[in-house]
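When you line the sequence shown up against the numbering used here, it's residues 4 to 492, in that order. To start, the structure under review is shown below, and the notes come after it.
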Amino acid sequence: MNDKSLDIKDISTICVLDGTNYGHWQMRMKIHLRSRDLLNVCKNARSNDTSTSSINKWKKASFEAINLITIRITERISEQYASKRTVNRGQVWVDWQRCFYDGNLKNYIDNCRKLMMELDAVSIVVPNELLSCSLLGKLGGNPQLSQFVETLTFNKDIIEKPMIILSRLQDFASHINHSNSSNAKKEHDSSGLIASFEEPHKIIFYCSNGKHNNRCNTHKKEDCWAENPHLRPSQQEKKCKNNSRSHISIAQALTTIGGPMSLMRNQVIFDCGATHHMFNSPNFFPNSFKNIRSEVATGDSQSNLLALGIGNAELKCKGKVLKLENCLFVPKPNCNLISMLELFKDQLTIQRTDSVFCLSSKGRILLKGEICDRLMYITYNSPRTLLTLVNPNLWHCRLGHPGPSVLKNLGLPNPNHSCLTCETNKSCQLPFLDHFEPVNYPLDIIHIDVVGPITPESISGSHFLLTIVDQATSYKIIRFLAKKSDSFD
4 MNDKSLDIKD ISTICVLDGT NYGHWQMRMK IHLRSRDLLN VCKNARSNDT STSSINKWKK
64 ASFEAINLIT IRITERISEQ YASKRTVNRG QVWVDWQRCF YDGNLKNYID NCRKLMMELD
124 AVSIVVPNEL LSCSLLGKLG GNPQLSQFVE TLTFNKDIIE KPMIILSRLQ DFASHINHSN
184 SSNAKKEHDS SGLIASFEEP HKIIFYCSNG KHNNRCNTHK KEDCWAENPH LRPSQQEKKC
244 KNNSRSHISI AQALTTIGGP MSLMRNQVIF DCGATHHMFN SPNFFPNSFK NIRSEVATGD
304 SQSNLLALGI GNAELKCKGK VLKLENCLFV PKPNCNLISM LELFKDQLTI QRTDSVFCLS
364 SKGRILLKGE ICDRLMYITY NSPRTLLTLV NPNLWHCRLG HPGPSVLKNL GLPNPNHSCL
424 TCETNKSCQL PFLDHFEPVN YPLDIIHIDV VGPITPESIS GSHFLLTIVD QATSYKIIRF
484 LAKKSDSFD
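Right, here's the structure in full:
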């Protein structure tokens, strides 16, 4: 036996399947099974031979192939796809009912996600709302999670998607871990400060009485305003400097987007801390924007954002277009922000009814939205990627062929060509046919037409032509007329 056959039949030479090396594992395993005459059992069904010896031979080969395959698969994959629980529907359902929250939210989320995949694998159909209420109901007894669970329970859009609920719980668990680690660090730092300092550890020295304080380290002596009053900027210069900073987009978006919710990039939030409107997509800017590069300060001073443009944005809310000026294009944020301070330039009224709010100015409704997780989400017509090309005439036909003014008020494009239905309905008579009905005998149908007046007149003084055509024989007669009334002679 040569070295090659030894390598082929040695099961230890086959790599262990871990989920990332399936191509290499499948090729080596197929060669190994073929060398043991077991590949046919894996690929084809049992033969029609019903003899006892044939059945026993097939079962023996099947057990041997299964044993060879399973020992070269990791325990995680084997447990997920090849365990007895994946073919025992009753056991899977019992495991789902016995899954409880033991204080470790991360383990609870992992177990629920695993069991939901097993329910789908064994074709146990459970309504999504029932799954969501079941996994949230097991968390209701925890006071730390009760408020968050209640918020998710009464959200109709989320309660129908169990996987999204698991994602929200995962974000909430990360938020709690981050908060606990931050609080522990603050307590450690504060205890260290109390033990190390008995007096303020930072003292600021000022210059006064026309002299420079040598203990002041914020500026040099030659730049001191106390000794050199002429270097101090005037109030007008300070005002111009502040205005220029705000217009070149040094916007301090001091926002605190609370809660563990993972925000979608196309969502728009009405925020009271942002100093500028900010959008993360150029689709909100119909007329493009001016390219700039400027930092945007946030609540976290170590992770400032970068604004790449400034311009006028538009939001379409139920057919109405709201135009926003001096909006920043900031690609990085996970959501879009509408600044309350920018809208407060005019009179602004906020009305709330349950979880719905409405923004109006001088009796005119500007925006509407919903309150979810203590955030104000604005409802608008977001641009979407279409699977097919939309014909501009589509909405013209859907709305009953309205005029251009109606489509403009609804924020819809005008048709790019004339509408045959509109032209037919507005015509005072039926159009001519492009062909004539056939006739069998001469002189059944005769077409007569008078052409003219023709200028200049002919040599004989004629200004008109009389044409007579027989439809059956196509025989034509042309007569020259001096006057149109001569056609009756």
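Even glycine gets a Cβ: it sits at the ideal position worked out from N, Cα and C.
Subject >> Enclosing alpha helix (DSSP H) for G403 [first to last residue] >> reply: Careful: G403 lies outside any alpha helix (DSSP H) and carries neither H nor E.
Subject >> First through last residue of the alpha helix (DSSP H) which encompasses H27 >> reply: Y25 to S38
Subject >> Euclidean distance between Cα positions of K487 and F467 >> reply: 6 Å
Original post:
Who pairs with E163 in a beta bridge, going by DSSP?
Top reply: Under DSSP, E163 shares a beta bridge with no residue.
Original post:
Should H27 be labelled buried (16 or more other beta-carbon atoms within 10 Å of its own) or exposed?
Top reply: exposed
Subject >> Delimiting residues of the beta strand (DSSP E) encompassing S297 >> reply: K293 to V299
Original post:
Just how far apart, CA to CA, sit I381 and L20?
Top reply: 48 Å
**OP:** Sort T73, P456 and L344 by Cα distance to A485 and report the nearest one.
**Re:** P456
Original post:
Using the C-alpha atoms, what's the distance from L71 back to Y25?
Top reply: 16 Å
Original post:
Hey, is the segment 27-37 in contact with the segment 55-64, meaning 3+ C-beta pairs nearer than 8 Å?
Top reply: Segments in contact, no.
Subject >> N- and C-terminal bounds of the alpha helix (DSSP H) containing G140 >> reply: N131 to G140
**OP:** Please state whether DSSP places G93 in a helix, a strand or coil.
**Re:** helix
Original post:
So, using beta-carbon positions, are H317 and N307 closer together than 9 Å?
Top reply: Here the sequence assigns Glu to residue 317, which means His is not the residue at that position. 9 Å or more divides the Cβ of E317 from the Cβ of N307.
Original post:
Thinking C-alpha only, which one of G314, M281, S363 and N114 is nearest K335?
Top reply: Measuring from the Cα of K335, the nearest candidate turns out to be M281.
Original post:
In terms of alpha-carbon separation, which member of F360, N51 and I368 lies closest to M379?
Top reply: When each option's Cα is compared against that of M379, the closest is F360.
Original post:
Is it right to say E121 is buried, meaning 16 or more other beta carbons lie within 10 angstroms of its own, or is it exposed?
Top reply: Label assigned to E121: buried.
Subject >> Given E328 as reference, the closest of N337, C320 and I341 once Cα atoms are compared >> reply: I341
Original post:
To the nearest angstrom, how far is it from the Cα of E225 to the Cα of N231?
Top reply: Roughly 8 Å separates the two Cα atoms.
Subject >> Paired residues, beta bridge with D274 - DSSP >> reply: S342
Original post:
With P405 and N417 assumed to form a contact (beta carbons below 8 Å), what rounded beta-carbon distance in angstroms separates them?
Top reply: Their Cβ separation, rounded to whole angstroms, is 10 Å, which puts P405 and N417 out of contact at 8 Å.
**OP:** Below 7 Å CB to CB, which residues in the same chain sit around L169 once its five sequence neighbours on both sides are set aside?
**Re:** I112, C115 and R116
Subject >> Through-space distance from C375 to P289, alpha-carbon basis >> reply: 29 Å
Subject >> Status (buried if at least 16 other CB within 10 Å, exposed otherwise) for A48 >> reply: exposed
Original post:
CB G314 to CB C338, shorter than 9 Å?
Top reply: no
Subject >> C-beta atoms of A277 and I295 nearer than 9 Å >> reply: no
Subject >> Distance between N396 and Y478 (C-alpha atoms, nearest Å) >> reply: 46 Å
**OP:** State the start and end residues of the unbroken beta strand (DSSP E) segment that holds T470.
**Re:** F467 to D473
Original post:
How many Å lie between I2 and R367 at the Cα?
Top reply: Coverage of the chain is limited to positions 4 through 492, which leaves residue 2 absent and any answer about it impossible.
**OP:** Could you give the DSSP three-state label for K479: helix, strand or coil?
**Re:** DSSP places K479 within a strand segment (E or B) once states are collapsed to three.
Original post:
Can you tell me whether N145 is buried or exposed, with buried defined as 16 or more other CB within 10 angstroms of its CB?
Top reply: Classification for N145: exposed.
**OP:** For E345, collect the residues of the same chain with a Cβ closer than 7 Å to its Cβ; drop the 5 residues on either side in sequence, then sort them by chain order.
**Re:** H279 and H280
Original post:
Looking only at DSSP bridge pairs, what is C320 linked to?
Top reply: Its beta-bridge partners are K323.
Original post:
How many whole angstroms separate the CB atoms of G312 and K293, which I take to be in contact at a CB cut-off of 8 Å?
Top reply: 6 Å
Subject >> CA-to-CA distance, T23 to P160, given in whole angstroms >> reply: Going by the sequence as given, residue 160 is Asp instead of Pro. The alpha-carbon atoms of D160 and T23 are separated by roughly 35 Å.
Original post:
Span of the alpha helix (DSSP H) holding V152?
Top reply: Looking at the DSSP string, the run of the alpha helix (DSSP H) that includes V152 is P146 to T156.
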